[in-house]
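Novice: When you read off a place in the sequence shown, starting at 1, and then add 103, the result is the number in the numbering used here.
By construction, the Cβ of each residue, glycine as well, lies at the ideal position given by its N, Cα and C atoms.
The model shown is predicted, which means the values in this text are computed figures rather than measured ones.
One structure, pasted below without further comment.
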Amino acid sequence: MKIVTLAGGVGGAKLAHGLAQILKPEDLTIIVNTGDDFEHYGLYICPDLDTVCYTLAGIANPETGWGRADETWNAIENLSKLGGPDWFKLGDRDLGTHLERTRRLKEGFSLSQITRDFCKAWGIQHTVLPMSDRPVRTFVETQEGELAFQEYFVHRRCEPRVKGFWFDGVDKAEPVRGAREAIQSADAVVICPSNPWVSIDPILATLTPFPLSGRGVGVRVVAVSPIIGGQAVKGPAAKMYRELGIEPSALAVAKHYRDILTGFVLDKVDADLEKQVQGLGVQVFVTNTIMKSHEDRKQLASDVLSFIGTDL
Numbered sequence: 104m105k106i107v108t109l110a111g112g113v114g115g116a117k118l119a120h121g122l123a124q125i126l127k128p129e130d131l132t133i134i135v136n137t138g139d140d141f142e143h144y145g146l147y148i149c150p151d152l153d154t155v156c157y158t159l160a161g162i163a164n165p166e167t168g169w170g171r172a173d174e175t176w177n178a179i180e181n182l183s184k185l186g187g188p189d190w191f192k193l194g195d196r197d198l199g200t201h202l203e204r205t206r207r208l209k210e211g212f213s214l215s216q217i218t219r220d221f222c223k224a225w226g227i228q229h230t231v232l233p234m235s236d237r238p239v240r241t242f243v244e245t246q247e248g249e250l251a252f253q254e255y256f257v258h259r260r261c262e263p264r265v266k267g268f269w270f271d272g273v274d275k276a277e278p279v280r281g282a283r284e285a286i287q288s289a290d291a292v293v294i295c296p297s298n299p300w301v302s303i304d305p306i307l308a309t310l311t312p313f314p315l316s317g318r319g320v321g322v323r324v325v326a327v328s329p330i331i332g333g334q335a336v337k338g339p340a341a342k343m344y345r346e347l348g349i350e351p352s353a354l355a356v357a358k359h360y361r362d363i364l365t366g367f368v369l370d371k372v373d374a375d376l377e378k379q380v381q382g383l384g385v386q387v388f389v390t391n392t393i394m395k396s397h398e399d400r401k402q403l404a405s406d407v408l409s410f411i412g413t414d415l
């Protein structure tokens with residue numbers, strides 16, 4: 104079975120890792136959000152891309168889900184002492200990634216080429232693709248004005264009230280080479296339990312127009328809800344829904360993707376929403392979607408693949 108996943112953040116990285124434990128390298132392609140990329144300290148930083156790669160490589164910080172394991176903080180501590188901005192924490196090991204990425208970009212290498220080389224160095228055999236080699240930047244419209252995503256997410260700790268989102272540069276961006284081909288040959292596209300607004304929507308906007316549809320046209324699409332019991336497992340997704348006037352729930356996530364969905368995976372906590380989601384014309388699978396361990400990741404991945412293997 105050939106699968107393409109759309110991923111961003113810790114939840115996306117965990118399910119991608121679960122799928123990678125089951126599927127052969129040639130059968131899994133992971134397309135990662137780069138809308139939250141930004142330049143800081145003169146370095147090109149790719150938070151979602153690095154989180155996915157570190158997780159697949161088994162070197163992610165097990166406590167936070169992002170950053171490197173066994174990290175030290177000498178550079179950022181010295182930078183802060185000298186009066187530099189310290190709101191975005193970069194560990195020493197992580198810093199090496201950004202230094203080398205920035206150097207190669209300045210030499211003319213594409214982000215996808217660099218990612219491929221990094222994956223090889225970290226022992227990652229499955230294909231990881233940034234959504235585009237051209238920059239796309241997520242901006243958050245808030246009641247306090249327009250904020251670049253990392254300013255909103257990290258510096259302002261998601262505190263400003265959200266009014267909307269837009270993706271600068273998406274009109275000029277094209278999917279990275281290999282993304283469309285992977286989707287065309289896939290048995291299904293799996294939308295990981297990532298934030299729909301700021302992790303998945305940028306990828307979908309980059310892929311458009313493309314035949315992703317649950318209405319009999321194009322490849323099958325299955326999404327795993329990042330909201331369980333009305334709360335986001337991690338991050339501000341539920342807060343965003345609420346501030347946009349939408350009651351946060353797994354049903355709200357299904358409605359978010361309704362135009363492209365074939366199937367939807369609910370957590371057992373939300374089993375009572377099954378018929379409402381089915382009312383959208385979407386098939387539903389109910390299982391445990393909380394991924395606290397590597398075994399949880401693998402089990403959820405197995406459940407998703409079994410769901411896809413039915414008459415979905």
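Near LEU364, what residues of its chain come up, given a Cβ to Cβ distance below 7 Å and the 5 sequence neighbours on each side ignored?
Specialist: Reading the sequence shown from its first residue, position 261 is the one you call residue 364. Cβ neighbours of LEU364 beyond the five flanking positions: GLY317, VAL324, ALA326, ALA357, VAL385.
Novice: Taking buried to mean at least 16 other C-beta atoms within 10 Å of its own C-beta, is THR392 buried or exposed?
Specialist: The count along the sequence shown starts at 1 and reaches residue 392 at position 289. It counts as buried.
Novice: Name the DSSP beta bridge partners of SER235, please?
Specialist: For this step, residue 235 is matched to residue 132 along the sequence shown. Answer by DSSP bridge pairing, in chain order: PRO278.
Novice: Just curious, the beta strand (DSSP E) that ASP271 is in, first and last residue?
Specialist: Position 168 of the sequence shown, counted from the first residue, corresponds to residue 271. Counting along the chain, the beta strand (DSSP E) containing ASP271 begins and ends at 265 to 271.
Novice: What do you get for ASP139, buried or exposed, if any count of 16 or more other CB atoms within 10 angstroms of its CB means buried?
Specialist: Along the sequence shown, read from residue 1 onward, the residue named residue 139 stands at position 36. Buried, by the Cβ-count rule.
Novice: Could you give the residue range of the alpha helix (DSSP H) that holds HIS201?
Specialist: Numbered from its first residue, the sequence shown carries residue 201 at position 98. Run containing HIS201: 195 to 209, per the alpha helix (DSSP H) assignment.
Novice: Could you compute how far the alpha carbon of ILE148 sits from the alpha carbon of ARG260?
Specialist: As a first step, residue 148 must be located in the sequence shown, where it is residue number 45. As a first step, residue 260 must be located in the sequence shown, where it is residue number 157. Cα to Cα, ILE148 sits roughly 18 Å from ARG260.
Novice: From THR218 to LEU159, what does the alpha carbon distance come to, in whole angstroms?
Specialist: As a position in the sequence shown, residue 218 is number 115, starting the count at 1. As a position in the sequence shown, residue 159 is number 56, starting the count at 1. Taking the straight line joining both Cα atoms gives about 13 Å.
Novice: Less than 6 Å between C-beta atoms, sequence neighbours within five positions excluded: which residues of the same chain meet that for GLY168?
Specialist: For the purposes of this step, residue 168 is taken as residue 65 along the sequence shown, with counting starting at 1. Taken in chain order, the residues that qualify are VAL113.
Novice: Give every residue of the same chain whose Cβ lies closer than 8 Å to the Cβ of THR137, excluding the five residues on either side of it in the sequence, and list them in chain order.
Specialist: Reading the sequence shown from its first residue, position 34 is the one you call residue 137. Hits under 8 Å: CYS149, ASP151, LEU152, LEU214, PRO233, MET234, SER235, PRO238, VAL239, PRO305.
Novice: With distances taken from CA atoms, which of ASP197, LYS192, ASN181 is nearest ALA431?
Specialist: Residue 431 lies beyond the residue range present for the chain, which begins at 104 and ends at 415; the question has no answer from this structure.
Novice: What three-state label does DSSP hand VAL385 in the structure shown?
Specialist: For the purposes of this step, residue 385 is identified with residue 282 of the sequence shown, where counting begins at 1. In this structure, VAL385 counts as coil in the three-state DSSP scheme.
Novice: Between which two residues does the alpha helix (DSSP H) harbouring ASP217 extend?
Specialist: For the purposes of this step, residue 217 is taken as residue 114 along the sequence shown, with counting starting at 1. Per the sequence presented here, residue 217 reads as Ile, with Asp not at that position. Unbroken alpha helix (DSSP H) run through ILE217: 214 to 224.
Novice: Going straight from the alpha carbon of ALA289 to that of ALA224, what length do you get?
Specialist: Here residue 289 is taken as the residue at index 186 of the sequence shown, counted from 1. Here residue 224 is taken as the residue at index 121 of the sequence shown, counted from 1. Their Cα atoms are separated by approximately 27 Å.
Novice: If we count the other Cβ atoms within 10 Å of its Cβ and call it buried at 16 or more, is HIS201 buried or exposed?
Specialist: Numbered from 1 along the sequence shown, position 98 holds the residue referred to as residue 201. Buried: at least 16 other Cβ atoms inside 10 Å.
Novice: Applying the 10 Å Cβ sphere with the 16-neighbour rule, what's the burial state of PHE410?
Specialist: By one-based count along the sequence shown, residue 410 stands at place 307. Per the 10 Å Cβ criterion, buried.
Novice: Sort PRO128, MET104, GLU129, PRO165 by Cα distance to SER396 and report the nearest one.
Specialist: As a working note, residue 396 is residue 293 in the sequence shown. Of the listed residues, the one whose Cα sits closest to SER396 is PRO165.
Novice: Please report how far the alpha carbon of CYS222 lies from the alpha carbon of ASP189, in whole angstroms.
Specialist: In the sequence shown, counting from the first residue as 1, residue 222 sits at position 119. In the sequence shown, counting from the first residue as 1, residue 189 sits at position 86. One C-alpha to the other measures close to 28 Å.
Novice: Note down the Cα distance separating GLY333 from ARG207, rounded to an integer number of angstroms.
Specialist: By 1-based counting over the sequence shown, the position of residue 333 is 230. By 1-based counting over the sequence shown, the position of residue 207 is 104. Roughly 43 Å separates the two Cα atoms.
Novice: Ordered along the chain, which non-local residues of its own chain (more than five positions away) have a Cβ less than 6 Å from that of ILE227?
Specialist: Locating residue 227 in the sequence shown gives position 124, where the first residue counts as 1. If we look at ILE227 and ignore the five residues flanking it on each side, its Cβ neighbours are LEU159, ALA160.
Novice: Would the region 278 to 285 count as touching the region 294 to 304 if we require 3 or more Cβ pairs under 8 Å?
Specialist: No: fewer than three Cβ pairs fall under 8 Å.
Novice: Following the continuous alpha helix (DSSP H) through ARG345, name the residue where it begins and the one where it ends.
Specialist: Residue numbering aside, residue 345 sits at position 242 when the sequence shown is read from its first letter. First-last of the alpha helix (DSSP H) with ARG345: 340 to 346.
Novice: Given this structure, state the Cα-to-Cα distance separating TRP176 from ALA308, to the nearest angstrom.
Specialist: Along the sequence shown, read from residue 1 onward, the residue named residue 176 stands at position 73. Along the sequence shown, read from residue 1 onward, the residue named residue 308 stands at position 205. The straight-line gap from Cα to Cα measures roughly 36 Å.
Novice: TYR147 lies in the beta strand (DSSP E); which residues open and close that run?
Specialist: Looking up residue 147 in the sequence shown gives position 44. Residues 146 to 148.
Novice: Is it true that the CB of THR132 sits closer than 8 Å to the CB of ALA276?
Specialist: Start at 1 with the first residue of the sequence shown, and residue 276 comes out as number 173. Start at 1 with the first residue of the sequence shown, and residue 132 comes out as number 29. No.
Novice: When you compare the CB positions of GLU346 and VAL265, do they come within less than 8 Å of one another, or not?
Specialist: Here the question's residue 346 lines up with position 243 in the sequence shown. Here the question's residue 265 lines up with position 162 in the sequence shown. Yes, they are a contact pair.
Novice: Short of 7 Å in beta carbon distance, which residues of its chain neighbour LYS105, apart from the five on each side in sequence? Order them along the chain.
Specialist: For the purposes of this step, residue 105 is taken as the residue at position 2 of the sequence shown. Excluding sequence neighbours, LYS105 sits near ASP130, SER288, ALA289, ASP290.
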